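This report refers to the structure that appears directly beneath it.
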Ligand code: GRF
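Numbering (this note's numbering), first residue to last: 6 to 212.
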């Protein structure tokens, strides 16, 4: 069983999709041991509670957006819930912090993120708005391993959606989010079943 932790900052809909996948036994080889929020009172913590998963807050007030000093608190908490760099999996799910190089190095290819764009297009903030403003006809989302450069790690799964004439940031974001909720749990399933093999930038999905 792969011990999993989910890092959240707010809404937590991807967290919910993952917990639902565990409840429905779509993910059978991984278990979410703890949800960690960098913001007190985030709705991600309510979702954890609803699913009877421990939820804790490590308040990042006063810390810079990227800080090893802060991340060390997270690593200590992970350890206390049995999640180590040896056998654990850390999921960023709407986690609005930049992980320190030290954290990423320690959990190399064991931290995943979901981004609401078809990377390498539109990294960073407001990805859906970037796609609309650019006039793309296709948008989508990406699940990837975290690397020192934000939104740039090896790509695990992607899904595309069409962009319509009438689309707004809200309507496009909602269409993309439905796909995030599908591919993020699938990526977790593949990882926990030992079916992902990283070779350079390429992530091979084993049969
Ligand atoms: C998602 O769109 C995700 O791609 C981005 O932040 C949003 C988080 O949503 N990184 P939620 O908290 O999972 O509902």
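Backbone N, C-alpha and C define an ideal beta-carbon position, used for all residues, glycine too.
Fair warning: this is a prediction, and the values are worked out from it, not measured in the lab.
Asked, Found
"State the Cα-Cα distance for the pair residue 186 and residue 46, rounded to the nearest angstrom.", "23 Å"
"Express the C-alpha separation of residue 192 and residue 202 in angstroms, rounding to a whole number.", "12 Å"
"Ends of the alpha helix (DSSP H) at residue 84?", "73-85"
"On the premise that residue 67 lies in contact with residue 13, defined as a C-beta separation below 8 Å, what is that separation, rounded to the nearest angstrom?", "In fact, because the Cβ distance is near 19 Å, the residues do not count as touching under 8 Å."
"Classify residue 147: buried if its beta carbon has 16 or more other beta carbons within 10 angstroms, exposed otherwise.", "buried"
"Could you check what DSSP says for residue 49 in three-state terms: helix, strand or coil?", "helix"
"If you check the beta carbons only, do residue 41 and residue 10 fall under 8 Å apart?", "yes"
"Let me check understanding here. Comparing Cα to Cα, which of 159, 181, 156, 150 lies closest to residue 166?", "181"
"Tell me whether residue 16 counts as near the ligand SAM, meaning its Cβ is closer than 7 Å to at least one heavy atom of that ligand.", "Because the ligand SAM does not appear in the structure shown, any question about it cannot be addressed here, the ligands present being the ligand GRF."
"Taking the DSSP output, what are the residues bridged to residue 207?", "160, 204"
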